[in-house]
Amino acid sequence: MSQIELRNVSLRYFTSKEETEALRGVNLTIDEGEFVAIVGPSGCGKSTLLSLISGMLQPTSGEVLLYGKRLIEPSKRVGYMLQHDYLFEWRDVLSNVLVGAEVRGMNMKSATMRAQSLLDRYGLAGFVKHNPKQLSGGMRQRVALIRTLVVQPDVLLLDEPFSALDFQTRLSLSDEIGTILREQHKTVILVTHDISEAISMADRVVVMSNRPSKVKADHHISYADGRPSPFMTRQRPEYNDYFQTIWGELEEHVRVSE
Ligand code: ADP
Numbered sequence: 044m045s046q047i048e049l050r051n052v053s054l055r056y057f058t059s060k061e062e063t064e065a066l067r068g069v070n071l072t073i074d075e076g077e078f079v080a081i082v083g084p085s086g087c088g089k090s091t092l093l094s095l096i097s098g099m100l101q102p103t104s105g106e107v108l109l110y111g112k113r114l115i116e117p118s119k120r121v122g123y124m125l126q127h128d129y130l131f132e133w134r135d136v137l138s139n140v141l142v143g144a145e146v147r148g149m150n151m152k153s154a155t156m157r158a159q160s161l162l163d164r165y166g167l168a169g170f171v172k173h174n175p176k177q178l179s180g181g182m183r184q185r186v187a188l189i190r191t192l193v194v195q196p197d198v199l200l201l202d203e204p205f206s207a208l209d210f211q212t213r214l215s216l217s218d219e220i221g222t223i224l225r226e227q228h229k230t231v232i233l234v235t236h237d238i239s240e241a242i243s244m245a246d247r248v249v250v251m252s253n254r255p256s257k258v259k260a261d262h263h264i265s266y267a268d269g270r271p272s273p274f275m276t277r278q279r280p281e282y283n284d285y286f287q288t289i290w291g292e293l294e295e296h297v298r299v300s301e
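Spelled out as C-alpha cells, the structure:
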C-alpha cells in the first residue's frame, strides 16, 4: 500500500463570479520516505495539490488516500511549511518551535526535549532565547522547519519554502534543509517553480501540465555514484540531462499559453 494516493482527483474552485478548474484527473502515488518535487506552470494547481494532500481541501471528484484511508479532514500525520515562515515576533525561538505542539495539545515536556535537540543539531542552540527578528532569513526558515518537525509528522509538505530568499541563501539553505529532511527520514513533497531546486533536492520530480492540470511526467532522479548534496548535484552530468528534459516539458506549456 502506498502512503499517499490520489485517484482520479479533480478540483474546481467556485466563486460568485467564476469557476476555475484547477486539477482534472490527477493520479499520483507516493511511498513512505520518498522525496518528491512538484513543478509546473504558475497557477496550474501545485499548492492546491498540497492542500488536498494535507486534508484541508476536499476534491470535487476522485479521492485522496493516506495509508489507504480516505482523507476527509486535516491529518495530524501531515506537516505543512510555507513560503513565509509565519514566526511570531513576540515569542522567542524555542517557544516559536513549540507552537504546533501546543495547538495539538501534545505532551510539552517531551516536545520541548525534541525541540531542544533539533535546535542543537541544526545549529540554533545559541539562539533559543532570540526573537525571530534577530535571525537571518535562512535561520528563520530553519526554525520554521524545526517547528514542523517537532510535531512528528510522517509527511512534510513544503510550498516554495525558499522563494522569498536571495539566491545565495537559497542555495545554502536548500543544502541544509535537504540534509535535515534526509536525516529525519520523512516523506517530503516540495512544490517549487525552480527546476534546479527540484532536481538537486528530490528523488522524484513530478511535472504538472497547464490548467486543468494533471500529471504530465514523472521522473526518477538518480546519480551514478550515490546521492551528492543538493549543491554538488549541480556539477553532475545527469543534472544537465534532467534539466533539459524538464525544461522542455515546461516550455511546451509556455508556448501553448502564449
Ligand atoms: P500554483 O500553486 O500552481 O501556482 P494554485 O494551486 O495556487 O496554483 O492555483 C491554481 C488555480 O486555482 C489558479 O488559477 C488560482 O487562481 C485558483 N485558485 C487557487 N485558490 C483558489 C481559491 N481559494 N478560490 C478560487 N480560485 C483559487
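Per the working numbering, the sequence shown runs over residues 44 to 301.
Glycine included, C-beta positions come from ideal geometry on N, C-alpha and C.
The model shown is predicted, which means the values in this text are computed figures rather than measured ones.
Closest Cα partner of residue i within the set the options
i: Gly269; options: Ser243, Ala260, Gln287, Lys257; result: Ser243
i: Lys257; options: Val142, Glu61, Cys87, Asp237; result: Cys87
i: Ala80; options: Val186, Leu200, Arg147; result: Leu200
i: Gly105; options: Lys89, Ser85, Leu71; result: Leu71
i: Leu224; options: Thr58, Tyr266, Leu188; result: Leu188
i: Glu294; options: Thr63, Gly83, Pro117; result: Gly83
i: Leu49; options: Lys60, Thr63, Met149, Ser94; result: Ser94
i: Val193; options: Gly143, Pro117, Ile115, Ala267; result: Gly143
i: Glu62; options: Asn51, Thr103, Val69; result: Thr103
i: Val107; options: Leu161, Gly148, Arg147, Asn51; result: Asn51
i: Leu252; options: Val69, Met44, Pro271; result: Looking at the sequence shown, residue 252 is not Leu but Ser. When only C-alpha atoms are compared, the closest one is Val69.
i: Arg147; options: Lys172, Leu162, Arg190, His173; result: Arg190
i: Ile220; options: Gly169, Arg164, Glu145, Phe170; result: Arg164
i: Leu161; options: Pro117, Glu226, Asp202; result: Glu226
Opposing strand residues paired with residue i [DSSP bridges]
i: His127; result: Paired residues: none, contrary to the question.
i: Ala56; result: Checking the sequence shown, residue 56 turns out to be Tyr, not Ala. The partner list for Tyr56 (beta bridge, DSSP) reads Thr63.
i: Met251; result: Val258
i: Ile47; result: Ile73, Leu109
9 Å Cβ cutoff met for residue i and residue j
i: Arg67; j: Pro255; result: yes
i: Ser53; j: Gln126; result: no
i: Leu92; j: Val136; result: no
i: Gly181; j: Leu208; result: yes
i: Glu75; j: Thr222; result: no
i: Gln101; j: Val198; result: no
i: Lys119; j: Pro196; result: yes
i: Pro175; j: Asn150; result: no
i: Ile115; j: Ile232; result: no
i: Phe170; j: Gln159; result: no
Rounded separation between residue i and residue j - CA only
i: Met156; j: Arg134; result: 18 Å
i: Arg247; j: Glu77; result: 8 Å
i: Val186; j: Gly122; result: 14 Å
i: Ile289; j: Met99; result: 29 Å
i: Arg183; j: Gln287; result: 33 Å
i: Ser90; j: Val234; result: 7 Å
i: Val250; j: Ala260; result: 5 Å
i: Ile238; j: Tyr285; result: 9 Å
i: Ile264; j: Glu292; result: 16 Å
i: Thr276; j: Ala241; result: 11 Å
i: Pro273; j: Asp218; result: 5 Å
i: Leu109; j: Ser85; result: 27 Å
i: Phe131; j: Thr212; result: 22 Å
i: Ala245; j: Tyr56; result: 30 Å
i: Ala65; j: Thr58; result: 13 Å
i: Leu214; j: Asp128; result: 18 Å
i: Ile96; j: Gly111; result: 13 Å
i: Ser179; j: Leu216; result: 11 Å
i: Ala154; j: Gln278; result: 39 Å
Residue i CB to nearest heavy atom of ligand 2 below 8 Å
i: Lys259; result: This structure lacks ligand 2; the ligands present are ligand 1.
Checklist line | Continuous alpha helix (DSSP H) assignments of at least 4 residues falling wholly in the segment 67-115 | finding: 89-97
Notebook entry, point to check: Can you list, in chain order, the stretches of the alpha helix (DSSP H) that have 4 or more residues and sit fully within the segment 121-189?
Noted result: 136-140, 142-146, 151-164
Check: What residue ranges within the segment 194-232 form continuous alpha helix (DSSP H) runs of no fewer than 4 residues, ordered along the chain?
Finding: 210-227
Notebook entry, point to check: Can you list, in chain order, the stretches of the alpha helix (DSSP H) that have 4 or more residues and sit fully within the segment 263-298?
Noted result: 273-276
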